[in-house]
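Chains as they are written, first to last, in this note's numbering: chain A, 678 to 1218; chain B, 678 to 1218.
Ideal Cβ positions, reconstructed from N, Cα and C, are used throughout, including at glycine.
What you are looking at is a predicted structure, and each value in this text was computed from that prediction instead of being measured.
The block underneath contains the structure these notes are about, expressed in structure tokens.
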């Protein structure tokens, strides 16, 4: 039996979730991450449906993927025309992917009423389309839409549709629980029947409308099915698709199937949060395996036992999926969290020094205010330097101003900023402009500091994210800004964070951290000195 | 075979979820709602663990419950003492419930290492405690903690623990997947084995650490188990408990088991949101059956058909669980999404007019630019009015300026804005200040318009969201702003959207839409006129 393959449709079916709207650049970045993670198939989009997907397929060819095959999605040809005359089919061909995924109707009612053709013509549509793409040299995956509902209404016809796909040469026939209503025992019966009649490879595509998408996928895998389709974080229309972040570790760690390399599996939590970030959705804290609370333990009397015998209080080691254990509430556990975090940043703080408590208190206070240091390691390291009083300021703010002006309803917008900083008792006043006030601020700050720190010209802001922390106060709410900066010369990136009710102030904090950290990092001797100073505290404590 | 019973532990195990802290009054209110809904057993708390739970059990006796039995929870007696000398046991007795739920150890390792006693003494602890409460006239439910993990390590001992409970007279033996790691086929084997050896009634208590809690509960129900334990919305520690809001409709609507009356089932969505409200947690939009998106449709290809034959595109009628259908508008939309959405706004656009195409094209173009109308229905309606050229402007922008100023590193920040608008050839220039530039802008705009449109004083911004659309361009990227405004007098909210590379401009767009829409809506005659004008187009088209 060949290895079970995993097919990701986050970029197509997943993007149907309310609120998700991936840009082409988001889709390319996710593709790269899915490939790094070891996903077998990536369904990139539906070239017939919109120009964004066409652009994606053009650009994805330039990525250097190591493992994943890219698939383009479309329906069978329309009724009553030749395959080669169907514009959707031509768009699919033009996507130039090695794999195409064709979906067709399995439910007799949908054939006659939704697309209004005959049952015979539908079989021909399936057959023609699959055969056409086989002739064109493509690997063809056939998605049998509404298969289970169709089977329950007319099993003979549902079977005939997948037989048509098989006979036309489909490499994989995928049974879709499109409405997501299947219960486990009914599912098992149908899977068994199909397995006994179809010789080609079989897959499952489940939706979560009855909370069974993960389980139904696992049942299919345990019954020897060859492919599971799903999405990262279970994103998808309505209640979502089968969640690959749950299914993959279930298969690999519970059922001993090798899906990805163990080192890749350790990237799972990171992948889940990365996709959530690009989707601009808060990560689900309760999500199995990858959620922030998935391995959280309440503090108190049981903590000792949990720490001593974690394997009996957790269904598996969180590190296997790149997650970590969290101990809630107790002060002691908070301390060890910070120590753990500090160690991650190569800052070794022993438990005993009073400085550790200072750092701990400062972090707790800042996290309470809404700061978050995941993805803002540079701000975290600066914070430790500041708490230990080894931080050296590279410039002092005298004043900063931003102006945004718009004249007339359709007038151009002017965004300017001025920055005045003091370095070694000299003041530098500069102005900048940009697409918006933060952009202008960034320009002005760089201009000012460039005169003293020329290495700053190599730094570029590569990412800028805003999250409103407490939505319900309207525009008076706090915002958190995350900035990612890159030193082009050193090919190194770092993240910084700012929080304030004022977006400009929050951005300014993150910008200042970004520049300070970048300058520190560019100066090897200074970094060595700083880290030595941090070590010093540990030795003396 | 007697009817399967549902046991709710939202108030005990559910409240272990991070962030949940029910007051006694919350717990009483939830108890009342669970009784109205028809839940068989309600586990109210652990009287031995805290004074809040003792107060709850005292007060719950005053409720006039129609159906539910209240249960109090505690562990077996401690090792080495008599049952009647155990303070926890006495607290449990003092709760004066008809039902008690006793949990005990099934995993040999936990017996010897976590509670540090012998395997024999543990059996005696189970036996003594169950027998004691039977003597006291209680209905006794025995929860076998870590049963499945225990069974896999030492099946004989795990079986001996539940045998001890059965022989001592337990009315129900519940197998707990405390760490939530069970896969479906392994579960089935163990359930079968237990069913063949235990004659007393059997239940299941599942956790969701592997995403299987619902499915494992359903499997047990289909195998003839007698009780399912779970929580509303699946609340619980780590990844949560088995979600009763999914399990109950699965049992009743998919597997034809009568759990509650059909009228009670229609209260499910309401119950789910009520408990979320008291838990102070946002309802999960993606939740099966009860989520806001559970019956939402987005893909363009489907909507046409969905409207015609909803039963074939939904696994069941949303009304059966008290939910309703929603149609979303997005770039993937076909014409019919827009038409449906328009009808929801009482805008009747027929399919045939060229204006429909104009609206559709405009929406597609705007969505390509990054606009999104899910959650911004007011902007959507304004867009239709504008595309049909029936929109009447209520004010004209002459100019707008924002200033943000900060003096010194720790100085205060000043945020001000000026707005100049023209209404009926008169100009109004006003200034506002706020926590940030957008807040200041909002203040200034209101001040200006208040002079002409006094009803604006009832409008309040209640939510403000920012999303950066194309992160990788740094601060030069586009941002999308979503604003929710509420008319306090009319108790009505509406959402608007703005997109621009400049946050101030994007916010301004959303603010302007917010005010325009609010003012239109406050003016019934004008709305009528507008909608008549839209209708006109259809008639003429």
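Quick check on the DSSP output: what are the complete alpha helix (DSSP H) runs of length 4 or more inside the region 919-1007 of chain B, in order along the chain? Counting only runs of 4 or more, we get 921-926, 939-942, 945-956, 977-985 and 987-990.
Excluding the 5 residues preceding and the 5 following residue 1053(A) in the sequence, name in chain order all residues of the same chain whose CB lies nearer than 7 Å to its CB. Counting only Cβ-Cβ distances below 7 Å, and skipping sequence neighbours, we find 1159, 1172, 1173 and 1174.
Same chain, Cβ closer than 7 Å to residue 760(A), five either side skipped, listed in chain order: Apart from the 5 residues on each side of it in sequence, residue 760(A) sits with its Cβ closer than 7 Å to the Cβ of 754, 766, 805, 806 and 809 in its chain, given in chain order.
Relative to the alpha-carbon of residue 1141(A), which residue among 1077(A), 955(A), 1201(A) and 1202(A) has its alpha-carbon at the smallest distance? Nearest option by C-alpha distance: 955(A).
State the start and end residues of the unbroken alpha helix (DSSP H) segment that holds residue 735(A). For residue 735(A), the uninterrupted alpha helix (DSSP H) segment begins and ends at 728-737.
Find the residues of chain A that neighbour residue 1086(B), judging by a C-beta separation of less than 8 Å, and give them in chain order. Under the 8 Å cutoff, chain A gives 1073 and 1074.
First and last residue of the uninterrupted beta strand (DSSP E) at residue 708(A): Premise fails: residue 708(A) lies in the alpha helix (DSSP H), 701-714, not in any beta strand (DSSP E).
Contact the region 962-975 of chain A vs the region 924-933 of chain B: 3+ CB pairs below 8 Å: Counting Cβ pairs under 8 Å, fewer than three are found: no touch.
Could you check whether the Cβ of residue 977(A) sits closer than 8 Å to any Cβ belonging to chain B? Note that residue 977(A) has pLDDT 42, beneath the 50 cutoff, so the model's placement of it is unreliable and the number below is only indicative. Taking Cβ atoms only, chain B never reaches closer than 8 Å to residue 977(A), which makes this a no.
Anything in chain A within Cβ reach of residue 1197(B), meaning under 7 Å, just list it in chain order. Those within 7 Å of residue 1197(B) in chain A number zero; the least Cβ separation is about 18 Å.
Endpoints, beta strand (DSSP E) assigned at residue 1137(B): Segment 1136-1145, the beta strand (DSSP E) holding residue 1137(B).
Give me the Cα-Cα distance between residue 858(B) and residue 1079(B), rounded to the nearest whole angstrom. Cα to Cα, the separation comes out at about 55 Å.
Contact defined as beta carbons within less than 8 Å: I believe residue 672(A) pairs with residue 835(A). What is the distance between those atoms, to the nearest angstrom? Beyond the ends of chain A as shown, which are 678 and 1218, falls residue 672(A); an answer cannot be given.
Contact set between residue 1145(B) and chain A, taken where Cβ atoms lie within less than 7 Å: Listed along the chain, the chain A residues whose CB falls inside 7 Å of the CB of residue 1145(B) are 1141, 1142 and 1143.
Do residue 839(A) and residue 880(A) have their beta-carbon atoms positioned less than 8 Å apart in this structure? No.
Taking 8 Å as the cut-off, does the region 900-920 of chain A touch the region 679-695 of chain A (at least 3 CB pairs, one atom from each stretch)? Result yes; three or more Cβ-Cβ pairs closer than 8 Å.
From what residue to what residue does the beta strand (DSSP E) around residue 819(A) run? It spans 816-822 - the beta strand (DSSP E) in which residue 819(A) sits, taken as one unbroken run.
Identify the contact partners of residue 885(A) in chain B, using a Cβ-Cβ distance below 7 Å as the criterion. Residues of chain B whose Cβ lies closer than 7 Å to the Cβ of residue 885(A) are, in chain order, 965.
Report the neighbours of residue 931(A) on chain B: residues whose CB is nearer than 7 Å to its CB, in chain order. Simply 858, 860 and 887.
Taking 8 Å as the CB-CB limit, is residue 899(B) close to chain A? Judged by the 8 Å Cβ criterion, residue 899(B) is in contact with chain A.
Cross-strand partners of residue 1105(B) (DSSP beta bridge): Partner(s): 1098(B).
Once DSSP output is grouped into helix, strand and coil, what is the label at residue 838(B)? Annotated three-state conformation of residue 838(B) is helix, per DSSP.
Minimum C-alpha distance to residue 1110(B) - residue among 1119(B), 1104(B) and 786(B): Comparing alpha-carbon positions, the option among 1119(B), 1104(B) and 786(B) lying closest to residue 1110(B) turns out to be 1119(B).
Contacts around residue 997(A), its chain only, beta-carbon distance under 8 Å, and the 5 residues preceding and following it disregarded: Once the five neighbours on either side are set aside, the close Cβ partners of residue 997(A) are 926, 930, 939, 942 and 943.
Short check: CB of residue 1157(B) to CB of residue 1144(B), under 8 Å? Yes, they are a contact pair.
Partner residues on chain B for residue 895(A), Cβ-Cβ distance less than 8 Å: Residue 895(A) reaches chain B at 860, 861 and 889, counting residues in chain order whose Cβ is nearer than 8 Å.
Going by DSSP, name the residue or residues bridged to residue 905(A). Residue 905(A) is bridged to 683(A) and 881(A).
Within this structure, are the beta carbons of residue 1248(B) and residue 988(A) separated by less than 8 Å? Chain B is shown from 678 up to 1218; residue 1248(B) falls before or after that span and cannot be answered.
Kindly indicate the opening and closing residues of the beta strand (DSSP E) around residue 1175(B). According to the DSSP assignment, residue 1175(B) belongs to the beta strand (DSSP E) that extends over 1169-1177.
Contact residues within the region 775-794 of chain B, judged by C-beta distance below 8 Å to chain A: Taking 8 Å as the Cβ-Cβ cut-off against chain A, the residues of the region 775-794 of chain B that qualify are 784, 786, 787, 790 and 791.
Using the rule of at least 16 other Cβ atoms within 10 Å of the residue's Cβ for burial, across every protein chain shown, is residue 1202(B) buried or exposed? In summary, residue 1202(B) is exposed, with fewer than 16 beta-carbon neighbours lying within 10 Å of its beta-carbon over all protein chains present.
Distance cutoff 8 Å, beta carbons only. Does residue 1001(A) sit that close to anything in chain B? Between residue 1001(A) and chain B, the shortest Cβ-Cβ separation is not below 8 Å.
Against chain B, does residue 659(A) count as a neighbour if the rule is that its beta carbon must be under 8 Å from one of theirs? Residue 659(A) is absent from the structure shown; chain A starts at 678 and stops at 1218.
From the beta carbon of residue 1081(B), is the nearest beta carbon of chain A less than 8 Å away? Under the 8 Å criterion on CB atoms, residue 1081(B) is classed as interfacial with respect to chain A.
What three-state label does DSSP hand residue 1080(A) in the structure shown? In this structure, residue 1080(A) counts as strand in the three-state DSSP scheme.
Quick check on this structure: which residue in 1089(A), 1060(A), 896(A) and 971(A) has the alpha carbon closest to the alpha carbon of residue 695(B)? Among 1089(A), 1060(A), 896(A) and 971(A), the Cα nearest to that of residue 695(B) belongs to 971(A).
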